[in-house]
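Participant: Residue numbers (the working numbering): 130 to 318.
Using N, Cα and C, we set each Cβ at its ideal position, and we do this for glycine too.
Quick one: this structure, given as structure tokens, is what I'll be asking you about.
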Amino acid sequence: MTIIENKQRAILASATRLFIEPGYSETRMQMIAAEANIAVGTLYKFFKSKPDLLNFVFTATISGPETFANQSELFKPTSKAELLTRTTTLYQNEQKKLTTILVKTHTAGSFTQLLTSLFTAFDRYGAYFLIIERNQELYPTLLDLYKEYRQALYENTTRYLTTMSDNGLISALLQPKYDAAMIIDEIFW
130 MTIIENKQRA ILASATRLFI EPGYSETRMQ MIAAEANIAV GTLYKFFKSK PDLLNFVFTA
190 TISGPETFAN QSELFKPTSK AELLTRTTTL YQNEQKKLTT ILVKTHTAGS FTQLLTSLFT
250 AFDRYGAYFL IIERNQELYP TLLDLYKEYR QALYENTTRY LTTMSDNGLI SALLQPKYDA
310 AMIIDEIFW
């Protein structure tokens, strides 16, 4: 890993943390630079503005581990429309993965697969979700999309738990929708 990649990773980590808490509007570029242990000038060498840095955080999170290998894509400006399109695709793909688990596997071991899938999704995209949740004024359309995604998680997990209970693979559940909400909320918070 190069020195530049190390700096970019440090910037990504500090910006992500600070955009979540204390929040995007309260975070200053100087705070990000200090936490990343770089000079403010170095931060501005990579990013002209805080919105550019937010774009970087979202792009890096959606793109995943290969982000730093493709520098031209990483620093290419992303419009709100493009971000919405990429996020929509991301949510659709994650729902397909989850649906495969929920529909095709109604066995005792599939509950482990469900939890693994949910934890994996949150591990990869959790920072993105939290930034959107904690900074609702930034991108209302992304917030609405996230709420739809989360609602689909609740509904799909409720159906799954109901089927598992009906088939005797797990104990009978009085309120599967509350059990599903508890599972999702524990993982996603």
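1) Could you tell me whether the segment 273-290 touches the segment 302-314, where touching means 3 or more Cβ pairs closer than 8 Å?
2) Around the Cβ of T361, are there at least 16 other Cβ atoms within 10 angstroms (buried) or fewer (exposed)?
3) Mind checking whether A165 and I149 have CB atoms under 7 Å apart?
4) Could you give the DSSP three-state label for Q265: helix, strand or coil?
5) Which residues in the same chain have their Cβ closer than 6 Å to the Cβ of T207, if we skip the five residues on either side of it in sequence?
6) Roughly how many angstroms lie between the CA atoms of T131 and R263, to the nearest whole one?
7) Return the CA-CA distance between V186 and Q242, expressed in angstroms with no decimal places.
8) Whose C-alpha, out of L274, D273 and L227, is nearest the C-alpha of T249?
9) Mind checking which residues open and close the alpha helix (DSSP H) that includes T188?
Facilitator: Taking the coordinates as given:
1) yes
2) With the chain represented from 130 up to 318, any question about residue 361 goes unanswered, as that position is not in the structure.
3) As a working note, residue 165 is residue 36 in the sequence shown. As a working note, residue 149 is residue 20 in the sequence shown. No, the pair does not count as a contact, with Cβ atoms beyond the cut-off.
4) For this step, residue 265 is matched to residue 136 along the sequence shown. Note: Q265 maps to coil in three-state DSSP.
5) On the sequence shown, residue 207 is found 78 positions in, with the first residue counted as 1. Within the same chain, T207 has close Cβ partners N184 and T188.
6) Numbered from 1 along the sequence shown, position 2 holds the residue referred to as residue 131. Numbered from 1 along the sequence shown, position 134 holds the residue referred to as residue 263. Each residue's Cα considered, the two are about 32 Å apart.
7) If you number the sequence shown from 1, residue 186 lands on position 57. If you number the sequence shown from 1, residue 242 lands on position 113. Straight-line Cα distance between these residues: approximately 29 Å.
8) In the sequence shown, the residue the question calls residue 249 occupies position 120. T249 has its Cα closest to that of L227, out of L274, D273 and L227.
9) Locating residue 188 in the sequence shown gives position 59, where the first residue counts as 1. T188 -> alpha helix (DSSP H) spans K179 to S192.
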